[in-house]
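K.L.:
In this note's numbering, the protein residues as written are 971 to 1181.
Given below as structure tokens:
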């Protein structure tokens, strides 16, 4: 089973991923004995980490189309090297971002045709998509306030860009409600976690029932 977490930086993805891992490991109703693998996109492979450093460096001068394609290259390596082997071994995979980020950042906010990004992403990943993507939704001004580090290249694009990103996540969730779930991340951490955990368990138990 493959899950992904999305949202503006500062929305709490890392915290919620860790809470979900702990929760799944403590459940008796599902089998995670094969293990839980976490990764970040871009990243988690030598190729991906090199591309990540380039993409997020505020000094990098990269056009929007090149930016999107660099993400795709890092993701193709991530799928080949980590995600697909883990899924084939029966493991649960949880990724901090995946293809939806490109559709939103370079599509909705960057001006590239969203259908084209989905199409190119399908080639890069061999058609692999998360069973469920959790979009942690926060107003842009609130997510920006939560960051406790200097902004990276994408975060430096300003309030209007962040607003377009948020609207893009909401639009894609409305288009694909069966696999993209919007979570109100302005609530207490434990409340947010409980909603995510319930949805993840339902997906895992449903998958077990159908196998």
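C-beta atoms are modelled at their ideal positions from N, C-alpha and C, and glycine is treated no differently.
Just to confirm, is the Cβ distance from residue 1045 to residue 1069 under 8 angstroms?
P.N.:
For residue 1045 and residue 1069, yes; Cβs fall inside 8 angstroms.
K.L.:
Under 8 angstroms, do residue 991 and residue 1017 count as touching if we go by C-beta distance?
P.N.:
no
K.L.:
Starting from residue 1044, trace the alpha helix (DSSP H) both ways and give me its first and last residue.
P.N.:
Run containing residue 1044: 1034 to 1048, per the alpha helix (DSSP H) assignment.
K.L.:
When burial is assigned at 16 or more other CB atoms within 10 Å of the CB, is residue 1055 buried or exposed?
P.N.:
exposed
K.L.:
For a test of the three-state rule: what should DSSP assign to residue 1085, helix, strand or coil?
P.N.:
helix
K.L.:
Name the two residues that bound the continuous beta strand (DSSP E) containing residue 1017.
P.N.:
No beta strand (DSSP E) holds residue 1017; the alpha helix (DSSP H) holding it covers 1016 to 1026.
K.L.:
Between residue 1158 and chain C, is the shortest Cβ-Cβ distance under 8 angstroms, so that the two count as touching?
P.N.:
This model lacks chain C altogether; it includes just one protein chain.
K.L.:
As an exercise, report each continuous beta strand (DSSP E) stretch of at least 3 residues that is fully enclosed by the stretch 1045 to 1078, in chain order.
P.N.:
1062 to 1066
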